[in-house]
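Just so it is clear: in the sequence shown, position 173 is 236 by our numbering, and no numbers are missing.
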Amino acid sequence: LDLSPSVNFGSQVSKCKVLEQLVAVLARVLTRHGNPVGAILYGVGIEAVIPPATGRRQVLRILRTLLDRPKPAQAARTDLGELLRTAMQVMPRRSMVFLVSDFISTPGWPKALAQLGWRHEVVALRLYDPAERELPKFGLGLVQDVETGEQLFVDADDRVFRERYAAAVRRRESEILGALADAGVDALELSTDDDLLETLLRFAVLRKRRGLSTVGLSRHLEALAP
64 LDLSPSVNFG
74 SQVSKCKVLE
84 QLVAVLARVL
94 TRHGNPVGAI
104 LYGVGIEAVI
114 PPATGRRQVL
124 RILRTLLDRP
134 KPAQAARTDL
144 GELLRTAMQV
154 MPRRSMVFLV
164 SDFISTPGWP
174 KALAQLGWRH
184 EVVALRLYDP
194 AERELPKFGL
204 GLVQDVETGE
214 QLFVDADDRV
224 FRERYAAAVR
234 RRESEILGAL
244 ADAGVDALEL
254 STDDDLLETL
264 LRFAVLRKRR
274 GLSTVGLSRH
284 LEALAP
């Protein structure tokens, strides 16, 4: 679970809030099906490693650890590679891994992801906020990089600036999607304004049709959906 500073961003609902809801749903569904569930929490470095276990107590333990963690006191760059390498170290058996992140990170993580994908079945659940892909028009203002603390005064209505921003977004999208594809990792994009259950159910059904493991997700998500 990527809980780095950038995950706290959200124009309406934060990516972190979506992550918390996602973890609650997945942990509940997977343990109901008898699957042991664990978690690795990454904020400013590795914060917690929760060994796999089954049952309601395990779900509560994961959620309590997630919700009670202190918020980072300062900006810090994300090293997603550290999270991925830790996952390889603590999981000797082949497992199904849900990697929940916004994939805003320092370089170097694609190699670690490919190694993890070779040893385990990895599903990347990528969090994003619509404002990260299309810059809102707010005129003159100060923006801050939550990972570095760097501040920049911008004109969000300026055509040239918006074109450069859009080009940078396209480059980042291409790099992330390319890395996921190269690693052979199945991926689902989750927006902060998506209906979480509906999106997860649709994804689980698609995986089932493709003959991929759903660890009982589709059946149990149907029971949870309104």
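Yeah, the Cβ is synthetic: ideal placement off N, Cα and C, and Gly gets one too.
Can you pull the DSSP bridge partners for residue 189? Indexing the sequence shown from 1 puts residue 189 at position 126. Residue 189 pairs with 164 and 252.
Which partner residues does residue 330 have in the DSSP bridge list? Nothing in the structure corresponds to residue 330, since the chain is present only between 64 and 289.
Which first and last residues belong to the beta strand (DSSP E) in which residue 197 is found? Walking along the sequence shown from the start, residue 197 turns up at place 134. Note, residue 197: premise wrong, no beta strand (DSSP E); not H, not E.
Any idea if residue 181 is buried or exposed, counting beta-carbon neighbours within 10 angstroms, 16 or more meaning buried? Here residue 181 is taken as the residue at index 118 of the sequence shown, counted from 1. Residue 181 is exposed by the Cβ-count criterion.
Whose CA, out of 201, 149, 179 and 257, lies closest to the CA of residue 221? Here residue 221 refers to the residue found at position 158 of the sequence shown. Measuring from the Cα of residue 221, the nearest candidate turns out to be 201.
With a CB to CB cut of under 7 Å and the five nearest residues on each side skipped, what residues in its chain are close to residue 239? Locating residue 239 in the sequence shown gives position 176, counting from the first residue. Cβ within range, chain order: 166.
Same chain, Cβ closer than 7 Å to residue 113, five either side skipped, listed in chain order: Counting from one through the sequence shown, the residue named residue 113 turns up at place 50. 101, 102, 124, 125 and 128.
Buried or exposed, going by whether 16 or more other CB atoms sit within 10 Å of the CB of residue 223? Residue 223 sits at position 160 when you count from the first residue of the sequence shown. Result: exposed.
Nearest-angstrom Cα separation, counted from residue 164 out to residue 249: Numbered from its first residue, the sequence shown carries residue 249 at position 186. Numbered from its first residue, the sequence shown carries residue 164 at position 101. If I take the Cα positions, the gap works out to 14 Å.
Among the candidates 235, 252, 228 and 219, whose CA atom is the shortest distance from the CA of residue 82? Residue numbering aside, residue 82 sits at position 19 when the sequence shown is read from its first letter. Of the listed residues, the one whose Cα sits closest to residue 82 is 252.
Measure the alpha-carbon distance for residue 179 versus residue 185 and round it to whole angstroms. Taking the sequence shown and counting its residues from 1, one reaches residue 179 at position 116. Taking the sequence shown and counting its residues from 1, one reaches residue 185 at position 122. Distance between the alpha carbons of residue 179 and residue 185: 7 Å.
In the DSSP assignment, the alpha helix (DSSP H) including residue 232 goes from what residue to what residue? Stepping through the sequence shown from its first residue, residue 232 is reached at position 169. Taken as a continuous stretch (DSSP letters only), the alpha helix (DSSP H) holding residue 232 covers 222 to 245.
Nearest by alpha-carbon distance to residue 105: which of 74, 257 and 144 is it? Here residue 105 corresponds to residue number 42 of the sequence shown, with the count starting at 1. Residue 144 is the option with its Cα nearest to residue 105.
Strictly by DSSP, which residues pair up with residue 110? In the sequence shown, the residue the question calls residue 110 occupies position 47. The partner list for residue 110 (beta bridge, DSSP) is empty, contrary to what the question assumes.
Using 8 Å as the threshold, is the C-beta distance between residue 147 and residue 188 below it? For this step, residue 147 is matched to residue 84 along the sequence shown. For this step, residue 188 is matched to residue 125 along the sequence shown. Not a contact, by the Cβ cut-off of 8 Å.
Any contact of the region 84 to 103 with the region 67 to 75, i.e. 3+ C-beta pairs under 8 Å? no
Inter-residue spacing [alpha-carbon to alpha-carbon] between residue 254 and residue 247: Numbered from its first residue, the sequence shown carries residue 254 at position 191. Numbered from its first residue, the sequence shown carries residue 247 at position 184. Residue 254 and residue 247: Cα-Cα distance of roughly 22 Å.
My guess is that residue 259 and residue 84 are in contact by the Cβ rule of under 8 Å, so how many angstroms apart are they, rounded? Position 196 of the sequence shown holds residue 259. Position 21 of the sequence shown holds residue 84. Right, the Cβ-Cβ distance comes to about 6 Å (below 8 Å), so this counts as a contact.
Put residue 170 into one of helix, strand or coil per three-state DSSP. If you number the sequence shown from 1, residue 170 lands on position 107. In this structure, residue 170 counts as coil in the three-state DSSP scheme.
Tell me residue 125's beta-bridge partners as DSSP assigns them. Locating residue 125 in the sequence shown gives position 62, counting from the first residue. Answer by DSSP bridge pairing: none, since residue 125 is not bridged.
Output the distance between the C-alpha atoms of residue 270 and residue 161, rounded to the nearest integer angstrom. Looking up residue 270 in the sequence shown gives position 207. Looking up residue 161 in the sequence shown gives position 98. Taking the straight line from one Cα to the other gives about 14 Å.
Nonlocal neighbours in the same chain, by C-beta distance under 8 Å from residue 198, ignoring five residues either side: Mapped onto the sequence shown, residue 198 falls at position 135. Within the same chain, residue 198 has close Cβ partners 219, 225, 228 and 229.
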